[in-house]
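> Going by the UniProt record's numbering, the sequence shown opens with residue 1, and the numbers climb by one from there. Ideal placement from N, C-alpha and C gives every residue a C-beta, glycine not left out. Predicted model only: the values in this text are computed from it and were never measured.
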Amino acid sequence: MPELPEVEAARRAVEEHCSGKRIKKAVVADDPKVIDGVSSSEFEAALLGKQIVGVHRKGKNMWLLLDSPPFPSFQFGMTGAVYIKGVAVTKYKRSAVKETDEWPSKYSKVFIELDDGLELSFTDKRRFARVRLLTDPTSVPPISELGPDALLEPMTVDELAEALSKKKIAIKKLLLDQSFMAGIGNWVADEVLYQAGIHPLETASKLPKEKCATLHKCIQEVIEKAVEVGADSSQFPSNWIFHSREMKPGKALVDGRRIDFITAGGRTTAYVPALQKLSGGAGALRADDKQRRQTSKRKKGSDEVDGSASEEEEAKESVKVKKQQNPRASGRKSSAKKKPDVSNDGSDDPENDESDEDEERKKVSKTVKKKEASERTSKKKSEATGTTKKHTKRAK
1 MPELPEVEAA
11 RRAVEEHCSG
21 KRIKKAVVAD
31 DPKVIDGVSS
41 SEFEAALLGK
51 QIVGVHRKGK
61 NMWLLLDSPP
71 FPSFQFGMTG
81 AVYIKGVAVT
91 KYKRSAVKET
101 DEWPSKYSKV
111 FIELDDGLEL
121 SFTDKRRFAR
131 VRLLTDPTSV
141 PPISELGPDA
151 LLEPMTVDEL
161 AEALSKKKIA
171 IKKLLLDQSF
181 MAGIGNWVAD
191 EVLYQAGIHP
201 LETASKLPKE
211 KCATLHKCIQ
221 EVIEKAVEVG
231 ADSSQFPSNW
241 IFHSREMKPG
251 KALVDGRRID
261 FITAGGRTTA
271 YVPALQKLSG
281 GAGALRADDK
291 QRRQTSKRKK
301 GSDEVDGSAS
311 EEEEAKESVK
321 VKKQQNPRAS
331 GRKSSAKKKP
341 DVSNDGSDDP
351 ENDESDEDEE
361 RKKVSKTVKK
371 KEASERTSKK
381 KSEATGTTKK
391 HTKRAK
C-alpha cells in the first residue's frame with residue numbers, strides 16, 4: 001500500500017513534469033465510491049482549462065494546486081497510483097497496472113491530458129482510494145485531521161518523548177495513527193521499529209528517553225532514505241526488514257536472524273524476536289507467542305504480508321453493500337455506538353481497529369495462572385508419590 005515515500009515520489013513526478021501546464025482534457029470515472037461528493041461531469045468541468053501551479057502532499061494525501069479553486073485531492077488508499085505516460089513513476093505491488101496494459105488503464109479514475117500532449121492518470125484497482133474536489137484541501141477532513149507530517153513537520157526528540165509518555169497503547173498501533181503522525185503506514189512502521197530495536201507491542205509510554213531518541217532517529221532515516229531513492233524498493237538498504245516482509249513464516253530472515261509475524265494495531269507485523277524484546281516478563285512474552293501463532297495461521301498460504309488487512313477491508317465493504325441492498329436491515333437501530341474514524345485514510349481502517357493487545361494480555365494472565373496451578377498440583381502429586389515410595393521401602 002502506498003505510504004509517505006510512495007506518495008511523495010508521485011508528488012515529485014507530477015510537480016516535475018506537469019507544473020506550469022494547462023489541462024486540455026479531463027476524463028473522470030463514473031465511480032461514486034472513489035470520486036467522492038461530486039459527479040464526474042462536474043469534476044471534469046472544474047479541471048478543463050486550468051493551469052497546474054503546484055503539487056502538495058501531507059501524509060498519504062496529495063492534491064494539485066490549480067490557478068483557481070477547487071483543487072483535485074487524492075487519498076491513495078490501498079492501490080491508488082499515479083502514472084504519467086512515458087515517465088517512470090515508482091510502482092508498488094498492488095497498483096496492478098502494467099506497462100503493457102491499455103492506456104489509460106481500465107482502472108483509471110482521473111485521466112488528464114495537458115496542453116503539451118503529456119498524459120496523466122490516477123488509477124485504483126481495488127477502489128479504496130478517494131478523489132475529491134475541494135476549495136481548501138487542508139481545512140477539511142481527511143487532511144485537517146492529520147497529525148504532523150513525518151517528513152515535512154518532524155517532531156523534535158523532546159516532543160516525541162513527551163507525546164509517547166501520554167500514550168498507553170502499543171507503539172506500532174500509535175505509529176499507524178495518522179492523527180498522531182501522518183504518513184507512516186504498515187511497512188514503514190515495521191522498518192522503523194526493527195531499526196530501533198523496539199517490539200511492536202511495547203507500550204509507548206514505557207519507552208525510556210534513550211529509546212525515544214533512537215526511534216526519532218530511525219523514523220527520519222528510514223523515511224528520508226526511501227524518499228531519496230524515489231520509493232524504489234530495489235534501492236532500499238539490503239539490511240532492511242522490508243525485503244523479507246512478504247516471505248512465509250519460517251523462511252523469512254534478515255541478517256541471518258529469524259523474522260516472526262504477529263498482529264499489532266490490527267495489522268500483520270514483521271519483527272525480529274532476537275533484537276526486538278518485549279518488556280513485561282513471562283506474561284508479555286507468552287502474549288507475543290500467542291499473537292505470533294495466530295498470525296502465522298492467518299498468513300499461511302498467503303504471499304502478501306498485508307493480505308489479512310486486505311481481506312478485512314473487502315469483508316467490510318461487502319457488509320456495506322449488503323446493507324445498501326437491504327434498506328430494511330439498514331434502517332434498524334444499532335445498539336452499539338459508531339466508533340469515529342481516526343485513520344484519515346479510507347484504506348487503512350484495519351490500522352485503527354480496536355486493538356486486542358489488552359485482551360490478549362488478560363488471556364495470557366489467566367493462562368499463566370492456570371499453568372502455575374497445574375505446576376503446583378503436579379508438584380504435590382510428585383511429593384505424594386515420593387512419600388508413598390518411602391513408606392513402601394520401610395515396610396519391606
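Give the single residue among 138, 173, 69, 208 whose Cα lies nearest to the Cα of residue 158.
Checked all of 138, 173, 69, 208; the closest Cα to residue 158 is 208.
> Can you tell me which residues form a DSSP beta bridge with residue 62?
Answer by DSSP bridge pairing, in chain order: 57, 74.
> If you check the beta carbons only, do residue 128 and residue 181 fall under 8 Å apart?
No, the pair does not count as a contact, with Cβ atoms beyond the cut-off.
> State the beta-bridge partners of residue 261 as determined by DSSP.
Per DSSP, 270.
> Tell me which residues share the same chain as residue 230 and place their Cβ nearer than 7 Å to its Cβ, disregarding the 5 neighbours each side in the sequence.
Cβ within range, chain order: 9, 90.
> Looking at the unbroken beta strand (DSSP E) that takes in residue 81, where does it start and where does it end?
Start and end: 81-84.
> Determine the direct distance from the alpha carbon of residue 7 to that of residue 166, and round the result to whole angstroms.
Looking at the two C-alpha atoms, the distance is approximately 30 Å.
> So if DSSP puts residue 23 in a beta bridge, which residue, or which two residues, is it bridged to?
In DSSP, residue 23 forms a bridge with 114.
> Does DSSP put residue 135 in a helix, in a strand, or in coil?
Correct three-state label for residue 135: coil.
> Going by alpha carbons, who is nearest to residue 27 out of 72, 249, 253?
Measuring from the Cα of residue 27, the nearest candidate turns out to be 72.
> Assuming the contact rule is C-beta atoms closer than 8 Å, residue 276 and residue 198 should be a hit. Round their C-beta distance to whole Å, please.
Right, their Cβ atoms sit about 6 Å apart.
> Look up residue 51 in the DSSP assignment and give the residues it is bridged to.
Residue 51 pairs with 22.
> On a CA-only basis, which of 225, 58, 70 is nearest residue 52? Give me that one, please.
Nearest C-alpha to residue 52: 70.
> Measuring alpha carbon to alpha carbon, tell me which of 84, 2, 112 ends up nearest residue 29.
Minimum Cα distance to residue 29 is reached at 112.
> Could you tell me the boundaries of the alpha helix (DSSP H) in which residue 159 lies?
157-165 is the extent of the alpha helix (DSSP H) around residue 159.
> Could you check the C-alpha separation between residue 116 and residue 48 for me, to the nearest Å?
Approximately 14 Å, taken between the alpha carbons.
> Whose C-beta lies closer than 7 Å to the C-beta of residue 337 among residues of the same chain, with five residues either side of it excluded?
Reliability fails at residue 337, whose pLDDT of 42 lies under 50, so the model's placement of it is uncertain and the value that follows must be treated cautiously. Nothing meets the Cβ criterion.
> Between the C-alpha atoms of residue 40 and residue 107, what's the straight-line distance to the nearest angstrom?
Spanning the two alpha carbons is a distance of roughly 15 Å.
> How many whole angstroms separate the CB atoms of residue 183 and residue 59, which I take to be in contact at a CB cut-off of 8 Å?
About 5 Å; that satisfies the 8 Å criterion.
> Quick one: give me the first and last residue of the alpha helix (DSSP H) that residue 123 is part of.
Careful: residue 123 lies outside any alpha helix (DSSP H), inside the beta strand (DSSP E) at 119-123.
> Taking only heavy atoms of the ligand GTP into account, decide whether any of them is closer than 7 Å to the Cβ of residue 251.
Because no ligand of any kind appears in the structure shown, any question about the ligand GTP cannot be addressed here.
> By the three-class DSSP mapping on this structure, what secondary structure does residue 12 have?
Helix, per DSSP.
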